[in-house]
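For reference, the structure discussed in these notes is given below.
Number of protein chains: 4
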Amino acid sequence: MPEEEVPRGRGRPRCEDSRARILDAGLELLEELSFAEITADAIAERAGASRSAIYRWWSNKDTVLVEALREAVAQELPFPDTGNLREDIRLQLENFIKLLTGRRARIFTAFVAAAQSDPEVAETFQRIWREPRRAALKAGLERHRGKQLRDDADLEMILDALYGPLYYRLLTGNKRFSDGYAEALTRIVFEGIANRDWFHHNGRSF
Amino acid sequence: MPEEEVPRGRGRPRCEDSRARILDAGLELLEELSFAEITADAIAERAGASRSAIYRWWSNKDTVLVEALREAVAQELPFPDTGNLREDIRLQLENFIKLLTGRRARIFTAFVAAAQSDPEVAETFQRIWREPRRAALKAGLERHRGKQLRDDADLEMILDALYGPLYYRLLTGNKRFSDGYAEALTRIVFEGIANRDWFHHNGRSF
Amino acid sequence: MPEEEVPRGRGRPRCEDSRARILDAGLELLEELSFAEITADAIAERAGASRSAIYRWWSNKDTVLVEALREAVAQELPFPDTGNLREDIRLQLENFIKLLTGRRARIFTAFVAAAQSDPEVAETFQRIWREPRRAALKAGLERHRGKQLRDDADLEMILDALYGPLYYRLLTGNKRFSDGYAEALTRIVFEGIANRDWFHHNGRSF
Amino acid sequence: MPEEEVPRGRGRPRCEDSRARILDAGLELLEELSFAEITADAIAERAGASRSAIYRWWSNKDTVLVEALREAVAQELPFPDTGNLREDIRLQLENFIKLLTGRRARIFTAFVAAAQSDPEVAETFQRIWREPRRAALKAGLERHRGKQLRDDADLEMILDALYGPLYYRLLTGNKRFSDGYAEALTRIVFEGIANRDWFHHNGRSF
DNA sequence: ATCTAATCGAGACGGTACGTCGAGTCTTCCC
DNA sequence: GGGAAGACTCGACGTACCGTCTCGATTAGAT
Chain A
1 MPEEEVPRGR GRPRCEDSRA RILDAGLELL EELSFAEITA DAIAERAGAS
51 RSAIYRWWSN KDTVLVEALR EAVAQELPFP DTGNLREDIR LQLENFIKLL
101 TGRRARIFTA FVAAAQSDPE VAETFQRIWR EPRRAALKAG LERHRGKQLR
151 DDADLEMILD ALYGPLYYRL LTGNKRFSDG YAEALTRIVF EGIANRDWFH
201 HNGRSF
Chain B
1001 MPEEEVPRGR GRPRCEDSRA RILDAGLELL EELSFAEITA DAIAERAGAS
1051 RSAIYRWWSN KDTVLVEALR EAVAQELPFP DTGNLREDIR LQLENFIKLL
1101 TGRRARIFTA FVAAAQSDPE VAETFQRIWR EPRRAALKAG LERHRGKQLR
1151 DDADLEMILD ALYGPLYYRL LTGNKRFSDG YAEALTRIVF EGIANRDWFH
1201 HNGRSF
Chain C
2001 MPEEEVPRGR GRPRCEDSRA RILDAGLELL EELSFAEITA DAIAERAGAS
2051 RSAIYRWWSN KDTVLVEALR EAVAQELPFP DTGNLREDIR LQLENFIKLL
2101 TGRRARIFTA FVAAAQSDPE VAETFQRIWR EPRRAALKAG LERHRGKQLR
2151 DDADLEMILD ALYGPLYYRL LTGNKRFSDG YAEALTRIVF EGIANRDWFH
2201 HNGRSF
Chain D
3001 MPEEEVPRGR GRPRCEDSRA RILDAGLELL EELSFAEITA DAIAERAGAS
3051 RSAIYRWWSN KDTVLVEALR EAVAQELPFP DTGNLREDIR LQLENFIKLL
3101 TGRRARIFTA FVAAAQSDPE VAETFQRIWR EPRRAALKAG LERHRGKQLR
3151 DDADLEMILD ALYGPLYYRL LTGNKRFSDG YAEALTRIVF EGIANRDWFH
3201 HNGRSF
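Protein chains in written order, with this note's numbering: chain A, 1 to 206; chain B, 1001 to 1206; chain C, 2001 to 2206; chain D, 3001 to 3206.
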């Protein structure tokens, strides 16, 4: 399946390198500055491109940054499957924390901040990050329903309970996570969602 | 105790009414627009004041909004004390949800968004909202430690587990909370923090 | 009669000095460059002002130059009255040639050139320069009608015959005028307009 | 005689049709707009050509217009020879006025306007229009020197006296010429240049 | 009852970034 | 190799806010 319909019309083809450099420049700047502090000139200069090259492909400065964000977070973060639900959850949290404490953390905060006032950013965030992540986690949990996971588990609620604390700390706290944070959070939440009967019958503790 | 050292020199005294109108105007605008979209002119016009009146008393436009936010959220949100920890938690969540779904919700999101790029806003948010709220909740929980609350409960973690989901939904979700949201969240978290022994000895279920 | 209605409203008064400096800067630049080559930045920089100061008072760059032109040519160039019509004409041509060969010559050419495409410039040129000059000359000629000037003289035509060659040379020729140019032109035109009878009766040659 | 040295190398030959269409387009636009208002895109579009076709053969947009002007005014405007100098002059003025009031008038004004700031345009105007026209008129006048024309006639001056009023009116006036304009102008100028003695001896009045 | 000093509204000032437009160059495909 | 298409860099345009400033008018306490 072809990635995109490439009519390959006449004329000089779009300089794909420049597009990439512009997005990269936007991303780099997002690691240092907020949406509003980033100027079109700064993006152009860092990309070694011209301001008009930006406005040819993006309707305004902000959409460049939105697309940069989109590309940046497009990486997968698959829900693990060790057979042990508790461990799966802990690992998933661990991996996500790794993301949120890395170089790209500022990008997340910029993204969420921008989403508060720009519906397009909000929509993009939903579509390319939140929903895929939640869908994967939901599917992973669903596999265990009636077994390690309670029969009547409210998945939406569980997702909030797992992801919420991480975002909360990132956005309103000191942005630091102690070593045992994933384990500690798992400990609290898992009891509330685990199927006590199943563990009892299978002679396993949690 | 004197509120502030008022030397009360000569000259026309500050028009306290104008100060209040400016802050109110800022607050109103925050319910509609983001930090960056609000202009000094807009605040002045809505307040029926002049731009100079703003810059005379605040160093720049953003500090007006920060102060407006500060006054707006200065209201107390005390942790309840019914004797029943689970109920206290549920009520606290309920009350907070009420706040987050009211007219003032947008102010919270604006505040958090601005905090991502403006350290002063971040510091203010910490000092006047986050820390007081967390301190109250911590004290409320501490009263129950060793009794309804597990002996080894990690309060910081519990706070994250309770507040996190709410902020998460407000900032990255659809901003809506179902009727039973507080109850559902309580159900999940409470099992992980409750002192099972105490409830066993006291013949109470949770 | 007051020169201008000065309501002296509130607010900081317009910096008249800056206005003058901007117009002067425009004028200076007009001596070196064409309308199109002059940028708003160049005007602002030379005037020691900001671009916004320009756009606050003039709707666009060109209107600054138009006003500069207006002020520049506002000087009087009265028609002489020596009693001798031929000498009056020669002197008037001499004086105008002096203007057209001076530092300000380029301003005239710029003005006329701009008038070809900008109706506002054209209208301004008519109103503040062409018509006043022609009116003065007309009045001067009319005084002699029936005496030194033929009874049936067509003033509009005479004006064209006198001024036309000068503009023609300035705009399409080498812009240089020989020493005897005024005299030579007078010699040609005067015979065609002089009242031969009057000179005959008064025993004067021309 | 070969029109131009055409080495006729390999490859596709220049599309002469496109060249003509581009020049025509330029000319058409000059009838509506000024030099500065005409864009390369507009020329290309109206010519049904591409911008590259323009820049392949002309160094820049303005040279296209200059060449268009050159071709447009290349038409002859020969000085008549009826044997009667006064009538020759009147006819020449009449013909020129016809040109200046026709569809192509705007081209003249555009040309002269552009010449004020672009030396290349000025030089072209001199070479292909002004000098040839003046040379023809000079030759026509010279034929009569010592006869109908005064012996000491200053031809340069006479040329200015005849053409000047027309350009003056076209460039700075209302661009309209009354029906008897040529006659009226001739009347004024002719007396100043006619050889009174010759007419006296030949028993002719003027 | 003045005088004095700080406030208030109004609005001009120098800056900085925006997004648009046109110029002239360059790079591809198609003939 | 010419021609159309169209992306590229560059630079000026006119707009919108920013935060600063300078006015006249106002308003109290101090004299």
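In this text, a Cβ means the ideal position worked out from N, Cα and C, and glycines have one as well.
Find out if the Cβ-Cβ distance for the pair residue i, residue j is shorter than 8 angstroms.
i: F3125 (chain D); j: F3111 (chain D); result: yes
i: R40 (chain A); j: R51 (chain A); result: Before going further, note that residue 40 (chain A) is Ala rather than Arg in the sequence given. Against a cut-off of 8 angstroms, the Cβ pair of R51 (chain A) and A40 (chain A) comes out as a contact.
i: L3027 (chain D); j: R3046 (chain D); result: no
i: L155 (chain A); j: L141 (chain A); result: yes
i: R90 (chain A); j: E183 (chain A); result: yes
i: Y3169 (chain D); j: D2160 (chain C); result: Per the sequence shown, the amino acid found at residue 3169 (chain D) is Arg instead of Tyr. Yes; because the gap between Cβ atoms is below 8 angstroms, this pair is in contact.
How far does the alpha helix (DSSP H) with residue i in it reach, from first residue to last?
i: G2140 (chain C); result: 2131-2142
i: V2121 (chain C); result: 2119-2125
i: T2082 (chain C); result: Taken as a continuous stretch (DSSP letters only), T2082 (chain C) belongs to no alpha helix (DSSP H), as it is neither H nor E.
i: E3067 (chain D); result: 3061-3072
i: A161 (chain A); result: 155-172
i: D3151 (chain D); result: Segment: none, D3151 (chain D) is in no alpha helix (DSSP H) and carries neither H nor E.
i: L3023 (chain D); result: 3016-3030
i: I2128 (chain C); result: First-last for I2128 (chain C): undefined, no H or E at that position.
i: F1108 (chain B); result: 1105-1115
Considering only heavy atoms of the ligand PLP, does any lie closer than 7 angstroms to the CB of residue i?
i: T1101 (chain B); result: Looking at this structure, you won't find the ligand PLP or any other ligand, since it has none at all.
Would you mind telling me which residues of chain B sit closer than 8 angstroms to residue i, beta carbon to beta carbon, in chain order?
i: V189 (chain A); result: A1161, I1188, V1189, G1192
i: L185 (chain A); result: M1157, D1160, A1161
i: R130 (chain A); result: T1172, G1173
Run through DSSP, which three-state label would residue i get?
i: A2049 (chain C); result: coil
i: R145 (chain A); result: strand
i: A194 (chain A); result: strand
i: S42 (chain A); result: Looking at the sequence itself, residue 42 (chain A) is Ala, so the reference to Ser does not match. Of the three classes helix, strand and coil, the one that applies to A42 (chain A) here is helix, per DSSP.
i: L2091 (chain C); result: helix
i: K98 (chain A); result: helix
i: E37 (chain A); result: coil
i: W3057 (chain D); result: helix
i: F3199 (chain D); result: helix
i: R3204 (chain D); result: coil
i: L2185 (chain C); result: helix
i: E4 (chain A); result: Here the model assigns E4 (chain A) a pLDDT of 48, short of 50, so the residue's position is not dependable, and the following value carries that caveat. DSSP places E4 (chain A) in coil when its eight states are reduced to three.
Please report the distance separating the alpha-carbon of residue i from that of residue j.
i: I193 (chain A); j: R1187 (chain B); result: 9 angstroms
i: R1086 (chain B); j: R1143 (chain B); result: 13 angstroms
i: L100 (chain A); j: T1172 (chain B); result: 15 angstroms
i: K2098 (chain C); j: N2195 (chain C); result: 29 angstroms
i: A2068 (chain C); j: D1062 (chain B); result: 41 angstroms
i: P2002 (chain C); j: Y2055 (chain C); result: Unreliable placement is indicated for P2002 (chain C), whose pLDDT of 38 sits below 50; no coordinate value is reported for it.
i: V6 (chain A); j: I107 (chain A); result: Residue placement at V6 (chain A) cannot be trusted, given a pLDDT of 49 that sits under 50; what the coordinates show is reported in the next sentence. Taking the straight line joining both Cα atoms gives about 31 angstroms.
i: P1013 (chain B); j: I1022 (chain B); result: 17 angstroms
i: E4 (chain A); j: L65 (chain A); result: Caution is warranted here: a pLDDT of 48 is assigned to E4 (chain A), below 50, making its placement in the model unreliable, and the coordinate value is therefore given only provisionally. Near 22 angstroms, if we compare the C-alpha coordinates of L65 (chain A) and E4 (chain A).
i: G102 (chain A); j: A1020 (chain B); result: 43 angstroms
i: D3197 (chain D); j: A2139 (chain C); result: 35 angstroms
i: S2018 (chain C); j: D2024 (chain C); result: 10 angstroms
i: R3145 (chain D); j: A2114 (chain C); result: 40 angstroms
i: L1149 (chain B); j: F1190 (chain B); result: 9 angstroms
i: N1202 (chain B); j: A1036 (chain B); result: 55 angstroms
i: E2123 (chain C); j: E16 (chain A); result: 52 angstroms
i: N3060 (chain D); j: S2059 (chain C); result: 30 angstroms
i: H3200 (chain D); j: E2071 (chain C); result: 53 angstroms
i: I3158 (chain D); j: K2175 (chain C); result: 17 angstroms
Under 7 angstroms Cβ-Cβ, which residues of chain D neighbour residue i?
i: R2014 (chain C); result: Going along chain D, no residue has its Cβ under 7 angstroms from R2014 (chain C), so there is no contact; the nearest lies around 31 angstroms.
Since residue i meets chain C, which of its residues come closer than 7 angstroms, beta carbon to beta carbon?
i: G3102 (chain D); result: Residues of chain C passing the Cβ test: none, with the nearest at roughly 17 angstroms.
Identify the contact partners of residue i in chain C, using a Cβ-Cβ distance below 8 angstroms as the criterion.
i: Q3148 (chain D); result: By Cβ distance, chain C contributes nothing, its closest Cβ being about 15 angstroms from Q3148 (chain D), past 8 angstroms.
i: G3140 (chain D); result: The premise fails here: G3140 (chain D) is roughly 17 angstroms from chain C at the closest Cβ pair, so nothing lies under 8 angstroms.
i: T3109 (chain D); result: Q2116
So residue i contacts chain A; which residues on that side make the cut at Cβ distance below 9 angstroms?
i: V1066 (chain B); result: Neighbours of V1066 (chain B) on chain A: none; closest Cβ ~15 angstroms, over 9 angstroms.
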